[in-house]
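In this note's numbering, the protein residues as written are -5 to 288.
This is the structure in structure tokens:
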């Protein structure tokens, strides 16, 4: 693998040749999963404001010598919109079933934002199935300084939900997403118009905002309880790379992850906020592929 190659800035949603996509059955619905490449497996999990499409620049490189699995999280992107099952431990069980269906015994994880939360649940529940973990720019509910995170004005949206909220947002998804892209980036122009329009269209799909707010965010309180119970059984021992944008969590993310794991190293992406893969894909791909290749 050539780690010095600059990843292509493919148009949002434009997947490399050789990737296939399918709706895979999960509890109460389906999950849209892209699969490509051949070799040791790696799973890429996105967060809010994105879908699995955020990983195109990384997937393009990893698929040269790995099997790359890229789901849209429950209720997000092109996955179905079940009413329940958004607790991250429930999503981890679904993800394990997807791996079983694909014949994948174990895999490395690369996750961002809400994907971190699903990733932690998977690694804690199925430690034999996760070989390494790259965790990017978001903390874990109920662990470390999570309560301080809940008081941060930048996370006002954690409790922004309900039928009236959904009515207000309907037809204004681009306005909503722009607020996050602008406020949580180092340079808002790095999240370009094509990307913004692409995700606005996906989050305008019927049920998408409801699934994100009342589903994924609404489960955080239970996720915190679940994570504390998982942590009580012991910290993760797998190698972990904790990546933060220098205008966001920076090296502090590694400090947060050490509350849940014993083998954590930090990495900081320069001139980046929360949207690391959109703002600085070349830096991100370089540090991720280097870590996975060790």
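For glycine and all other residues, C-beta sits at the position ideal for the given N, C-alpha and C. Being a predicted model, the structure only gives us computed values, none of them experimental.
Of all the options 122, 108, 243, which has the alpha carbon lying nearest to the alpha carbon of residue 99?
Sorting 122, 108, 243 by C-alpha distance to the C-alpha of residue 99 places 122 at the top.
Segment limits, alpha helix (DSSP H) that includes residue 111:
Its alpha helix (DSSP H) spans residues 108 to 119.
Residue 18 - containing beta strand (DSSP E), residue span
Per DSSP, the continuous beta strand (DSSP E) segment holding residue 18 begins and ends at 14 to 20.
Below 8 Å on the Cβ atoms is my guess for residue 81 versus residue 216; work out the distance and round it to an integer in Å.
Contact between residue 81 and residue 216 holds, since their C-beta atoms are separated by about 5 Å, short of 8 Å.
Note down, in chain order, each residue of its chain lying with its Cβ closer than 8 Å to the Cβ of residue 0, except the 5 sequence neighbours on either side.
Its pLDDT being 37, under 50, residue 0 is placed unreliably by the model, and nothing is read from it.
What residues are listed by DSSP as bridge partners for residue 26?
17, per the DSSP bridge assignment.
Hey, would you say residue 60 sits closer than 7 Å to residue 36, going by beta carbons?
In this structure, residue 36 lies closer than 7 Å to residue 60 by Cβ.
Beta carbon of residue 174 nearer than 7 Å to that of residue 46
No, the pair does not count as a contact, with Cβ atoms beyond the cut-off.
So residue 126 and residue 233 are supposed to be a Cβ contact under 8 Å. How far apart are they, rounded?
About 5 Å separates the two Cβ atoms, so the contact holds.
When the Cα of residue 74 is compared with those of 56, 142, 20, which residue comes out closest?
Of the candidates 56, 142, 20, the one whose C-alpha sits nearest the C-alpha of residue 74 is 20.
Cα separation between residue 136 and residue 58?
Rounded to whole angstroms, the separation of the alpha carbons of residue 58 and residue 136 is 37 Å.
Distance between residue 209 and residue 225 (C-alpha atoms, nearest Å)
Going from the Cα of residue 225 to the Cα of residue 209 covers about 23 Å.
Could you pull out every residue in the same chain whose Cβ sits closer than 7 Å to the Cβ of residue 180, ignoring the five residues on either side in sequence?
Here the set comprises 239, 241, 265, 266, 267, 273.
So, using beta-carbon positions, are residue 230 and residue 259 closer together than 7 Å?
With contacts defined by Cβ atoms closer than 7 Å, residue 230 and residue 259 do not form a contacting pair.
Can you say whether residue 191 is buried or exposed, counting buried as having 16 or more other CB atoms within 10 angstroms of its CB?
Exposed, because fewer than 16 other Cβ atoms sit within 10 Å of the Cβ of residue 191.
With DSSP collapsed to three states, give me the class of residue 185.
Looking at residue 185 - three-state DSSP - the assignment turns out to be coil, as it is neither helix nor strand.
Specify, as a first and last residue, the run of the alpha helix (DSSP H) that residue 140 falls within.
For residue 140, the enclosing alpha helix (DSSP H) starts and ends at 140 to 144.
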